[in-house]
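Below you'll find the structure, written out as structure tokens, and then a few comments.
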Amino acid sequence: MSQHHILVINCGSSSLKFSIIQPKTEETLLSGLAECLHLPEAKISWKYQGEKYQAQLADKANHADALNFVTNKILSDYPALKQSIKAIGHRVTHGGEKYSQPTLITPEVIDNLATLFELAPLHNPANVMGIKASQIAFPHLQDKNVAVFDTGFHATLPPHAYLYPLPIEFYEKYGIRRYGFHGISHYYIACKTAEYLGKPRSELNMISCHLGNGASITAIKNGESIDTSMGFTPCEGLVMGTRCGDVDPALLIYLKQKLDISTEETSDLINKKSGLLGLTGSSSDFRYITEHYEKDEKCRIALEVYIHRLVKYIGAYAMLLDNKLDAVVFTGGIGENSELVRRLVLQKLTILGFELDQERNLSARFGQYGQITTDCSQHSAYVIPTNEELVIAKYTAEYI
Ligand code: ADP
């Protein structure tokens with residue numbers, strides 16, 4: 001076993017994903033998920049050498065408890081693996097305008113990240129909790145924690161893409177602008193696509209569609225993000241599992257008055273009760289929609305709204321690339337696995353010269369990737385599985 005591995009941590013408010021990665025060989029040695037944190041049913045599951053394991057965590061276990069379990073229970077069985085961890089890479093959602101590059105975590109950086117809680121109240125506090133928990137669980141690596149930012153790849157957005165047409169002092173005073181998210185995934189997809197097409201990333205022009213529970217789409221010109229659908233928060237843009245994406249901003253004012261709901265309830269409405277869940281009234285899970293849309297009217301409509309919005313974005317972003325569209329790439333749980341979404345989208349893009357190869361489309365699933373358009377298609381579309389953990393591991397290894 002090579003002696004330089006990176007532990008990658010990705011914290012949500014009630015979950016903690018972890019993996020141990022060999023950045024050079026790109027091999028994932030161990031991966032797992034602690035979920036239902038802060039609840040009585042807190043649990044943890046992990047995969048090592050092809051075997052799956054799970055365990056109950058203590059009642060209302062928190063992020064630090066979960067990481068203690070990783071180090072004192074899981075890794076105590078594999079001391080060589082434990083010793084081979086040389087640094088810890090953290091996914092941090094929001095870097096604001098200050099942090100676009102991977103950053104070594106110091107007490108000052110933690111303080112600065114706390115000032116960004118206001119901008120990402122649903123994500124950054126959990127990320128910082130994960131950083132602090134790692135420093136406790138791995139005290140000998142305290143000065144070897146690196147933050148990799150989900151906003152980082154979008155630092156290249158030009159002002160005409162990141163400014164909202166609001167009074168300009170809101171940007172100047174409060175930093176209200178489009179930041180964009182899923183940057184780690186869009187960056188990985190850009191690198192893989194460049195590799196796949198055999199051209200340098202600096203010459204790559206493409207549209208990256210990350211379609212998971214959260215979803216975003218990015219226009220990439222000469223290898224750099226020039227526009228992206230998520231905005232000031234990850235709620236803007238495409239239809240998502242439970243987030244509404246683009247809506248008329250004035251309708252929130254109307255709803256707040258009509259329903260007399262608090263700010264928190266309004267936030268829950270647009271972040272947790274809308275999107276596919278809101279439209280179907282029953283599920284945010286795309287597999288449910290795939291299984292039911294032929295018989296269930298609400299699922300059919302949800303699918304149509306989802307596709308309509310996605311097609312609109314791809315069409316608009318294609319116009320930003322000066323006629324040099326090398327590829328449209330689908331990734332994320334839905335992008336990688338739903339032949340239905342890819343088929344419906346590409347069938348609507350014939351005016352852009354996409355010709356779907358349905359056989360290729362059907363076989364591109366479960367981690368397989370490749371081209372899903374015909375060889376004669378004027379423009380090409382691909383499925384490429386994303387790997388955000390690998391990007392974080394590589395950046396962390398480079399940094400350390
Ligand atoms: P997250 O944003 O939480 O990382 P994922 O990228 O894991 O989300 O994507 C989750 C979504 O992918 C869910 O809506 C799930 O239903 C969908 N999905 C997973 N497998 C399939 C499949 N075979 N067909 C259609 N949708 C799928």
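Position 107, counted from 1, in the sequence shown is what full-length UniProt numbering calls 107; the numbers after and before it change by one each time, with no gaps. Every residue gets a Cβ at the ideal spot worked out from N, C-alpha and C, and that includes glycine. For clarity, every value in this text was computed on a predicted model and none was experimentally measured.
Alpha carbon of residue 183 to alpha carbon of residue 150, nearest angstrom: 5 Å
Contact test: residue 223 Cβ vs the ligand ADP heavy atom, cutoff 6 Å: no
Secondary structure of residue 1, DSSP reduced to three states: Annotation note: pLDDT 46 at residue 1 (below 50); position unreliable, no value reported.
DSSP-derived helix/strand/coil call for residue 329: strand
Spatial neighbours of residue 2 in its chain, beta-carbon cut-off 8 Å, leaving aside the 5 residues before and after: With a pLDDT of 49 at residue 2, under the threshold of 50, the predicted position of this residue should be treated as unreliable, and no value is reported.
The segment 182-197 in contact with the segment 382-400 per 3-pair CB rule at 8 Å: yes
Any non-hydrogen atom of the ligand ADP closer than 6 Å to residue 214 Cβ: yes
Between the CA atoms of residue 14 and residue 35 - distance to the nearest angstrom: 6 Å
Distance cut-off 6 Å: residue 338 Cβ against heavy atoms of the ligand ADP: yes
Residue 334 CB to nearest heavy atom of the ligand ADP below 6 Å: Relative to the non-hydrogen atoms of the ligand ADP, the Cβ of residue 334 comes within a distance shorter than 6 Å of at least one.
CA nearest to the CA of residue 109, picked from 132, 322, 56, 12: 132
Contact test: residue 233 Cβ vs the ligand ADP heavy atom, cutoff 6 Å: no
DSSP three-state assignment for residue 224, whether helix, strand or coil: strand
Neighbourhood of residue 272 by C-beta, 7 Å cutoff - its chain only, sequence neighbours within 5 removed: 242
Proximity of residue 146 and residue 369 at Cβ, strictly below 7 Å: no
Beta-carbon proximity of residue 208 to residue 223, cut-off 7 Å: Note that the C-beta distance between residue 208 and residue 223 is not below 7 Å.
Cβ neighbour criterion (16 or more within 10 Å) applied to residue 50: exposed
Segment contact flag, the segment 301-318 with the segment 216-231, C-beta cutoff 8 Å, min 3 pairs: Cβ pair count under 8 Å is three or more, so yes.
Beta-carbon proximity list for residue 443, same chain, < 8 Å, skipping 5 on both sides: An answer regarding residue 443 cannot be provided, because it is not within the stretch 1 to 400 covered by the chain.
Integer-rounded CB distance, given that residue 141 should sit under 8 Å from residue 87: 6 Å
Residue 313: first and last residue of the uninterrupted alpha helix (DSSP H) it sits in: 297-318
Own chain residues within Cβ distance below 8 Å of residue 227, not counting five before or after: Only 157, 161, 218, 219, 317, 320 meet the Cβ criterion.
Paired residues, beta bridge with residue 145 - DSSP: In the DSSP output, where bridge partners are listed per residue, residue 145 has 88.
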